[in-house]
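First up is the structure itself, then whatever we jot down about it.
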Amino acid sequence: MLTRRPRAEDKQPEEFVLASWNSPGLLKGRRIFPLRRPNSPCLQKGLVQKTRNVDFRPKRRIRYLPSTKRQSAKELSAAIRRDISLVINSRLLPYVQARIQRHIVATDTWKQAYEVELSKVRELQATNNGLRGQLAAKDAAKSKVHALAWTEVQRELEEFKRSVTELEDFKRSMIAKEKAAEETHLQKLALVQTQLEETKRSSEASIKRLEEEALRLQEALATKESVVQALENAH
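Residue numbers (my numbering): 10 to 244.
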């Protein structure tokens, strides 16, 4: 039986009853707590595992075994395990020694194979280093060629840009010249049109004067003919 600390009003500590070894809490790996009230009606009737009113949680802390007894139990279990391991080792020693010997032989074989493979790997590394050197030289030559080609391309690009700039300047100058020539032509055309209008007006005035002069001449001629006719009639 386990005991808990007595309360102040209790004359003597109450007793606790642990659950059975095949209780649900034990099967699930949980800690088994004592009953809350050992003298309950359920316990008297034998219905501990069937009733819902059973409380496995303690109201106060349970007093377990002292630390010295727990330490002695641990030492005893450790000694038992050590004795069992000694017996097992004494019976399995020949088998283990044979296994170790086979492992040593296999390890030597593996070591020889590893050294052979390591020599092959070192040869491959040397070959790889040589190839890397050749590749680096090729890359350097290629980069040099690329640098020269890029310089040439940049120079040609600058020349092309300069020629394009010159063409654009020439185009702008030609457009300006065309605009100036067009403005000059328009000015000349306006001047000629003005001169034509003035000439037309002067011509119309001259024609009008000539028509008036012709009318006066016709009137004078008619008067002269009438005078001549009168003179002829008089003689």
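Glycine included, each C-beta is placed from N, C-alpha and C at the ideal position.
Alpha carbon of residue i to alpha carbon of residue j, nearest angstrom
i, j, result
"Leu166", "Leu157", "14 Å"
"Ser86", "Val105", "26 Å"
"Ala135", "Gly142", "11 Å"
"Pro103", "Leu140", "54 Å"
"Ser182", "Leu195", "20 Å"
"Lys197", "Ser211", "21 Å"
"Thr203", "Ala229", "39 Å"
"Leu144", "Ser152", "12 Å"
"Glu187", "Asp178", "14 Å"
Own chain residues within Cβ distance below 8 Å of residue i, not counting five before or after
i, result
"Ser215", "none"
"Val130", "none"
Near the ligand SAH: residue i beta-carbon under 6 Å from a heavy atom
i, result
"Ser235", "By its list of ligands, the structure shown contains no ligand whatsoever, and the ligand SAH lies outside what it can speak to."
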